[in-house]
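Mapped onto my numbering, the consecutive letters of the sequence shown carry residue numbers 1060 to 1166.
Glycine residues also receive a C-beta, built at the ideal position from the N, C-alpha and C atoms.
A quick note: this is a predicted structure, and the numbers were derived from the prediction, not measured.
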Amino acid sequence: KVVVNLTRDKAPSALMAIRFATISLQRGNETVLWLNSEGVRLADAKAKHAQTGKMLRDFISKGGKVYVCPHCAQMLGVRELIEGAEFGKPDTIFGLLSEDRVRVISW
């Protein structure tokens, strides 16, 4: 299992993180994108993120999971998420990170 922690909403960080997550998924890994800090803006249903938005929707359509920090989203005014993304509850995130054989990479 691979968790990609993304704290930014601008290129190159956002592009590289989503690309890495997609490649991980294509290699057969269960892959999760954890969006926090400014990264939550990428999952904002009202935002216009042409390239990263398409990449994120593609990642989700291939079976990737996207969790969004609810506290970060609230602080940045993100109320509605793109289809397939969900707010990550602490139990979900801590449970995920405490599983055996989880690899985490951050951007």
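Where DSSP assigns a beta bridge to residue i, which residues make up the other side?
{"i": "Lys1124", "result": "Val1091"}
{"i": "Leu1065", "result": "Leu1094"}
{"i": "Ile1082", "result": "According to DSSP, Ile1082 bridges with nothing at all."}
{"i": "Asp1103", "result": "Leu1140"}
{"i": "Ser1165", "result": "Asn1064"}
Quick one: what does DSSP say residue i is sitting in, helix, strand or coil?
{"i": "Glu1142", "result": "coil"}
{"i": "Asp1159", "result": "coil"}
{"i": "Gly1147", "result": "coil"}
{"i": "Ala1167", "result": "Since the first residue shown for the chain is 1060 and the last is 1166, residue 1167 is missing from the structure and cannot be characterised."}
{"i": "Ala1109", "result": "helix"}
Along the chain, where does the alpha helix (DSSP H) that runs through residue i open and close?
{"i": "Leu1135", "result": "Pro1129 to Leu1135"}
Going along the chain, which residues of its own chain have a beta-carbon closer than 6 Å to the beta-carbon of residue i, five neighbours each way excluded?
{"i": "Thr1090", "result": "Val1061, Ala1080, Ser1083, Leu1084 and Gly1123"}
{"i": "Ser1072", "result": "Trp1166"}
{"i": "Cys1144", "result": "In the sequence under discussion, the amino acid at residue 1144 is Ala, which differs from the Cys named in the question. Within the same chain, Ala1144 has close Cβ partners Ala1102, Val1125 and Val1127."}
Leaving out the 5 sequence neighbours to the left and right, which residues in its chain are closer than 8 Å to residue i when beta-carbon positions are compared?
{"i": "Glu1158", "result": "Lys1060"}
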